[in-house]
Amino acid sequence: MEFRLLGPVCVDTLTGPLPLGPAKRRSLLAALLLGANTPVSMARLTDCLWDDAPPLHARTVIQGHVSRLRALLVGADAEAYGVELATLGDAYVLRVPETLLDSHRFEELLMLAREQRTPADTVLMLREALSLWQGPALTGTYPSAPLQAAVQALEESRLATVEQLARAYGEQGEHHRAAAVLRAESVAHPMRETLAASLMTALYRSGRQSEALDWFHRTRRLLADELGIDPGRELADAYAQILRGEPEPPAAADPAEAAAPAEPPPVPAAVPGARDRRGPVPPRPATGPVLPAPVPAHPADLLPRAPRGFHGRAAELTALSRAAAGEAPVCLVTGPAGVGKTALALHWARRSPAAFPDGRLFADLRGFGDTGEPTPLEVLREFLLALGVAPRRVPESVAGAAALFRSLTDRLSLLVVLDNVRDSAQVRQLLPGGADCVTLITSRHRLEGLIASEAAVPVPLDVLEPLDGTALLAGVLGEERVRAEPVAARRLAELCGGLPLALRVTAARLAGRPQWTLAGMADELADERSRLSYLDVEDTGVSAALRLTVQHLPPEAVHQLARLGHHPGSHFDPYTAAALAGTDPVAAAAALERLATAHLVSEAGPGRWILHDLVRLYARELDPAAGPGALLGVLDHYIATALAAADTAEPGGEPCFVLPGDFRRPAAVRDFTDRTAAMDWLAAEREDLSLAAAAARGAGLDDRAWRIILLQWPHVVWRVRDGWAPMLELALAAAEAIGDPYAESRVRNLLGWVLTEEGRTAEAVALLEPSPGLARQVGDRLGEATALINLALVQAEQGGLDLALEGCGRALELARKESDAHTEMLALQHLARMQLAAGQPQDALDSAGAAFDLGPEPEETARRVLLTTVSGEARLALGEEAEGARLLDLAASEAERSGYDEGAVRALEALLRVTAAPEHVRRYEKAVRRLSADG
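Structure (C-alpha cells):
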C-alpha cells in the first residue's frame, strides 16, 4: 500500500488505486496525510474543503467522506499495513507508517543525497527522489488556501532538488544532462532566476554559448515586461561569466578510457568512377593492402517488379520523398499485415530511377515468414556482388562484409530497400555508409530502436479510404466492371476494411469468375462468420498474413488478442482489455503495447485503442470458447466503472441498484479525479456502453443490460435531448424480461423524463403512471419519490398543476423520511418550478432557498444553475427586477462556463424577457446553436 501526494492524490494497492471519488474526498485525504499521525481538527478540514463560507451541513459532508474513506481503507486491508483512520474528539487522525507516504520518502532521499561523498551517488539519490513525482502535487483536490500553500511548499522543494541535481551533473562534467533537466523546469517557471542562471551556465559549459545568452535575454525581457524589474545578481553574474569566457572546470577522466589504445581509422576502398559530391578524399595510411572494388558497368538494380493496380497514398509518397532529402536518411514504412507496405516502397523506389544513379538494392528479410530469414552475410554477399565485387573478394565474416559494404557505398548515391524486417537488430549491419544513400525499410513492427539510434523517419501506413479501395479494385478488374456496380464496389471496399491485401484477394476471386457480380460477392462478405474464409486464395490471404504476425507474439499478447476479438464495443482501454482477458490493467497495457508494436491494434487517442474489423474476426477465431467469459468480464467492468463515474459526477446521488449476485469485480477500477473526468468518460464510452448493453441483451444477461444503461443517468441529465430513448427502451425491455419491479420502475422514471423533455408527453404519461406503484411494491421509497417528480413534470406540461404540486409534495415527504438530501433537493427544485408556474413566486423562492440550504456540491453544476434560474425568475415575479436579472445572468454564466447548454438557454430566455441587450441576445443565440449541434 502506498499513499501519494506528489502528483494525483491516490492510494495505491496491490490490486490498483482505490476509487477515492470526488475532489472533496481527495482533499480530505490530502489534509489528513499532510498532518499524518497528528490530529487534524474539524475546523482545519473545513478550511481545506471550502474557501469562503462553508455550507451549513459542512460537518455532515466531512463525516460522510470520512466514513467512505474508512470503508475503502478497511476494504483494502489497510490495518495489515498499520494504517488506521481514527476519530479523536472533534478531530481525525490518519495513522500511517511514514514509509508508506511518498512525500516522506522524498525528504528521506534528499537527506541521503546530502550525505553522499561522490557526485555520482548524489545523482542516483536525487533522480530516485524526483522519480516519486507523478505530476503537480495534490492534483485532483479542491484549490483551498491551506492546500494551495502545501502545494507551493512541495513544489519549491521539488525545484530546489532539480537545481541540486543539475549541480551534481555539473560536478561530473555532464553539463548536457544538467541543461536537459533545467530546460524543462525553466520553461515551466520562466521567472525563477535561479533556474535561468543555472541553465545558462550548463548551456555555456556544454558548448552552447549562443543559447545561453539567448536564454538570458529572454528572461530579462520577461522580467521587465511582467514585473518591471532588472535581472538579479545571480542571473547577472552568470551572464557576465559567459561574456568573460571563463573556462569550464575540467572533469575527472576515466582511467580505463585513458589507458585504452586509439582505434585506427578505417581504410576506405577505392571506388573508381563513383560520383564524389564532397571533393577529393585525402590519402590515409593503410595498415595493409587496399584492394580496389570495381563498380559495375551498369547501376545495380535488385528491385522486384512493382505490383499492379497501385492507387492512392499521395501523402505517404510525399512523406518518403521529403524524408529521403535528408543526409543519409533511413525511412521506415510501418503498418499492419496486408496494408501495402511493400507495394508503397516499390512504387516509390521505381518512380524516380534518376535519383539513385548508382543503383537500387533490395532484400526481403522474411521477418514474418515461414521459410526462415536470410542471414546478414547472405544479404551482404548479394549486395556486394551487385556492386561489382568479385565473389572471391567477398569477406567470409559478417563484420568484414558489413565494413566493405559501408566503404563501397561511402561515395555512392544508392537506394537500399530492406523489406519485411522483424526488428532493428536485423538491419543494423545492412545500412550503407554514404551520405547520399537512402535506406527504405518496411516492417509490421514500429522499430523504435532504429528511430532512436539512426534517427529513422517513420512513415506509418493505414488502410485505404473507400475511394482508393474501389480504384484498386478497378485496377485489377477493369474500369468497366467497377463502373457497372459502383455502390457494390464501395461496399466491397468497406467490407474489406480498406486493407489492400483483402481487396486484392477479393479482386482475384472476381477476376477468375467473370459471371459473378460485385453485389453477390459483397453479400457473401457481409456474413462475419465466413468473411475471412472468402479473403483467402491459394497461399495468399488475410488469415495467413495475420497468422505470420501472431506467431511471433509472446503468449500473453496472443491471449489478450484472442479476448479482444470478443469485445462487443469498438474501442478499449487497458481496464477494458484487462476485464476481457481476466488480467490487471498493467499486464493488459503491456500486452496492448506489444500488439500495437505489431500493428494488430491501433491507438485512436491517449490510452484508447481500436481493432481493425478483419483482425477482430481473426482474433475471435483464436479462442471461440472464451467468448461468454470475456463478455461477462467486460460487462461487469462497465458496471463497476460507470458506478465510479456516477459517484464522482453526482457525489450526493443515491446508488441506482445493488450489484448482481454473481457480479465479478474487476481487478482494478478506473478512478476519476473530478466530475469533468467522469463525464468525459461517460461521453466517450456512450457508443460502447450501448453496444455492450445490446450484447448483454442478446446473450440473455438482462440483469447487466439495464444496469449498464441506467448508470449513464448523469450524462442523460446533462444532454437530455441527445437521443437517449432507443437505448432506454432496450433497458426497459431487459427489466421487463427478468420481471424486476425495481429495475422497471427506475428505467421508466428516466425514460419518462427523457420523453417529457423531448415533448412526447402522451408516451411519457403512459410510461410513468405505473412507476410509483412498482417502486412502492418493492419498498423503494426514493424510487417512488423520483417517479412522482417525473410524473408531476408531465402533469404540469399537460396543465394539471394541482396534481403536479401534490405529487412533488409527496415526493418531498418521502425524501425527508429517507433523509436523502439529493432527492430532497430534486423535489424542491421541481416544486419551485411548479410553484412559479402556479403564480406562487414567494413559495417558489422559499423552496429554491431550502434546496440551496441543503448545499449542492461544487460538482452539481446543473442543479445550482436550475435553482439560481428559478430564484431569478421568482425575484422578477415579485417585482425585484435588478436582483432577478443578476441571478439569471449568474446562472447563465455558470452554465456557459461548464458547457451546460440546456441550462444556459433556460436562464437566458428568462433574462431576455427583462432586458433584450445585444450581448444577451448573442449569448442566447450561441447557446441555442450549441444545443442544436448536440442534438
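Quick note on the numbering used here: the sequence shown kicks off at 1085 and runs consecutively.
For glycine and all other residues, C-beta sits at the position ideal for the given N, C-alpha and C.
Since the structure is predicted, the reported quantities are computational estimates derived from the model, not experimental observations.
{"query": "Own chain residues within Cβ distance below 7 Å of alanine 1710, not counting five before or after", "result": "Ala1646, Arg1647, His1650"}
{"query": "C-beta contact flag for leucine 1972 and methionine 1918 at 8 Å", "result": "no"}
{"query": "Residue(s) in a DSSP beta bridge with leucine 1502", "result": "Ala1447, Ile1525"}
{"query": "The stretch 1820 to 1839 / the stretch 1751 to 1761 touching (three or more Cβ pairs under 8 Å)", "result": "no"}
{"query": "Any alpha helix (DSSP H) of 4 or more consecutive residues that is wholly inside the stretch 1581 to 1639", "result": "1584 to 1595, 1602 to 1609, 1615 to 1618, 1626 to 1634"}
{"query": "Counterpart residues of isoleucine 1873 in DSSP-defined beta bridges", "result": "None, per the DSSP bridge assignment."}
{"query": "Touch test, the stretch 1427 to 1444 against the stretch 1392 to 1402, Cβ-Cβ under 8 Å, three pairs minimum", "result": "yes"}
{"query": "Candidates Leu1561, Asp1611, Leu1579: closest to arginine 1593 by CA position", "result": "Leu1561"}
{"query": "Unbroken stretches of the alpha helix (DSSP H), 4 residues or longer, contained in the stretch 1271 to 1320", "result": "1277 to 1289, 1293 to 1311"}
{"query": "Limits of the unbroken alpha helix (DSSP H) element including glycine 1717", "result": "1711 to 1733"}
{"query": "Pairwise C-alpha distance: alanine 1606 and alanine 1595", "result": "15 Å"}
{"query": "C-beta neighbour in chain B for glutamate 1993, strict 8 Å", "result": "Judged by its chain identifiers, the structure shown contains no chain B, having just a single protein chain."}
{"query": "Cβ shell of alanine 1346 (< 8 Å), same chain only, five flanking positions each side left out", "result": "Its pLDDT being 34, under 50, alanine 1346 is placed unreliably by the model, and nothing is read from it."}
{"query": "N-terminal and C-terminal residue of the alpha helix (DSSP H) that valine 2027 is part of", "result": "Examination of residue 2027 is not possible in this model, given that the chain is present from 1085 through 2019 alone."}
{"query": "Residues of its chain near serine 1241, where Cβ-Cβ distance is below 7 Å and the 5 sequence neighbours each way are ignored", "result": "none"}
{"query": "Three-state secondary structure assigned by DSSP to tryptophan 1693", "result": "strand"}
{"query": "Threonine 1183 burial status per 10 Å Cβ neighbour count (16 or more: buried)", "result": "exposed"}
{"query": "Outcome for glutamate 1247 when other beta-carbon atoms lying within 10 angstroms are tallied against a minimum of 16", "result": "buried"}
{"query": "Opening and closing residue of the beta strand (DSSP E) in which arginine 1179 lies", "result": "1175 to 1179"}
{"query": "Residues near leucine 1762 in its chain [Cβ-Cβ closer than 6 Å; skip 5 each side]", "result": "Here residue 1762 is alanine; the residue named in the question, leucine, does not match the sequence. Around alanine 1762: Ala1729, Thr1732, Ala1733, Phe1756."}
{"query": "DSSP-derived helix/strand/coil call for aspartate 1096", "result": "strand"}
{"query": "Contact belief for valine 1547 with valine 1634 at Cβ below 8 Å, rounded distance in angstroms", "result": "Contact flag wrong, Cβ pair sits at about 19 Å."}
{"query": "Local conformation of glutamate 1881 per DSSP, three classes", "result": "helix"}
{"query": "contact_flag[the stretch 1891 to 1909, the stretch 1862 to 1880] where n(CB pairs < 8 Å) is 3 or more", "result": "yes"}
{"query": "Residue of Glu1563, Asp1135, Ala1485 minimising C-alpha distance to proline 1227", "result": "Asp1135"}
{"query": "DSSP beta-bridge partners of alanine 1170", "result": "Val1177"}
{"query": "Classification of isoleucine 1590 by the beta-carbon crowding that lies within 10 angstroms, buried from 16 upward", "result": "Per the sequence shown, residue 1590 should be read as threonine rather than isoleucine. Buried is the call here."}
{"query": "Cβ-based neighbour list, alanine 1164, same chain, cut-off 7 Å, excluding 5 preceding and 5 following", "result": "none"}
{"query": "Glycine 1148 beta carbon less than 8 Å from that of alanine 2022", "result": "Here the chain comprises residues numbered 1085 to 2019, so residue 2022 is not present and cannot be evaluated."}
{"query": "Residue range of the alpha helix (DSSP H) that includes leucine 1040", "result": "Any question about residue 1040 goes unanswered here, given that the chain covers just 1085 to 2019."}
{"query": "Nearest-angstrom beta carbon gap, alanine 1821 and leucine 1794 [assumed within contact, 8 Å]", "result": "At roughly 15 Å, the Cβ-Cβ gap does not stay under 8 Å, so leucine 1794 and alanine 1821 are not in contact."}
{"query": "Beta-ladder partner(s) of valine 1543, from DSSP", "result": "Val1417"}
{"query": "Residues bridged to arginine 1088 (per DSSP)", "result": "Cys1094"}
{"query": "Secondary structure, beta strand (DSSP E): runs of 3+ residues fully inside the stretch 1653 to 1704", "result": "1686 to 1689, 1692 to 1694"}
{"query": "For threonine 1426, the three-state DSSP class (helix, strand or coil)", "result": "helix"}
{"query": "Opening and closing residue of the alpha helix (DSSP H) in which alanine 1761 lies", "result": "1759 to 1768"}
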